[in-house]
Amino acid sequence: MLDIKVETENWQNHTRVSERALSDLVHRIGGEEDHFLVVQRIPDIPGTYVQVWHEHGGGYQLEHRSGGPATHCRTVIDSPERVAGLMTRWARQEWDWGAGVEWESAGMPEPEPVPEIPAEIREQLEERVRVLLRCGYDTVDELTVRGGRSRRADAGVSDPCPE
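Heads up, this note's numbering is the position in the sequence shown plus 4, with the first residue counted as 1.
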């Protein structure tokens with residue numbers, strides 16, 4: 005079994021699938037309302053995934069991302085077998101999984117910088133953070149970059165902006 009979650013265009017989710025099941029999903033896509041697969045690792049690493057889009061009669065647009073928008077790359081592959089093989093090697097976290105493929109940037113724009121927070125709003129936010137700390141909802145480490153994942157993330161509540 006591969007430690008991945010596969011989501012399809014028609015809202016099906018497949019968790020910890022075999023290599024064969026992943027290959028079957030790749031071979032299946034291309035029909036009405038069933039054009040793509042998005043594959044994430046288990047446990048999920050925000051901004052890290054591989055995905056494929058296919059329309060019957062065309063190639064397979066394979067994309068991967070491993071962080072921010074600048075890491076989003078794509079290529080077109082003619083064979084579903086090759087796509088399934090690449091996705092399987094990605095799922096296994098093989099260091100050279102994408103070797104031999106001509107990748108190009110997907111041209112994803114970097115997000116706009118966050119503007120400075122006005123002083124009166126900053127004061128309100130600081131007070132809110134103090135309440136969270138005082139009440140034991142989070143720790144300083146969990147509320148800062150140093151802490152990585154918070155208990156909310158561990159409980160499955162996603163960060164709306166993980167970057």
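Using N, Cα and C, we set each Cβ at its ideal position, and we do this for glycine too.
Bear in mind that the values here come from a model prediction, so they are computed numbers and not experimental data.
Check whether residue i and residue j have beta carbons under 8 Å apart
i      : j      : result
HIS39  : GLU13  : yes
ILE49  : ARG20  : no
LEU90  : LEU129 : no
VAL144 : LEU137 : yes
Extent of the continuous alpha helix (DSSP H) run through residue i
i     : result
LEU29 : 23-32
ARG86 : 84-95
First and last residue of the uninterrupted beta strand (DSSP E) at residue i
i     : result
ARG69 : 64-70
VAL43 : 40-45
HIS58 : 52-58
THR79 : 77-81
Helix, strand or coil at residue i according to DSSP, with G and I counted as helix
i      : result
LYS9   : strand
ILE125 : helix
THR19  : strand
GLU108 : strand
Among the options, the one whose alpha carbon lies nearest that of residue i
i     : options                          : result
GLY72 : LEU29, ALA123, PRO113 and VAL135 : PRO113
SER83 : GLY62, VAL42, GLY140 and LEU137  : GLY62
ILE33 : THR75, GLN44, VAL43 and HIS60    : HIS60
GLU3  : GLU116, GLU124, TYR64 and HIS18  : Nothing can be reported for residue 3: it is not among the residues displayed for the chain, which extend from 5 to 167.
SER22 : SER70, ARG69, GLN16 and ALA88    : ALA88
GLU36 : HIS58, GLY140 and ASP100         : HIS58
SER1  : GLN44, SER70, VAL42 and GLU131   : Only positions 5 to 167 of the chain appear in this structure, which leaves residue 1 out of reach.
**Asked** How do the region 38-56 and the region 6-13 stand: do at least 3 beta-carbon pairs fall below 8 Å, yes or no?
**Response** Result yes; three or more Cβ-Cβ pairs closer than 8 Å.
Tell me whether the region 71-80 and the region 97-116 touch, counting them as touching only if at least three CB pairs, one residue from each stretch, are closer than 8 Å. They touch, by the three-pair rule.
Could you say if the region 22-29 and the region 88-95 meet the contact criterion of at least three C-beta pairs nearer than 8 Å? With the cut-off at 8 Å, the region 22-29 and the region 88-95 touch.
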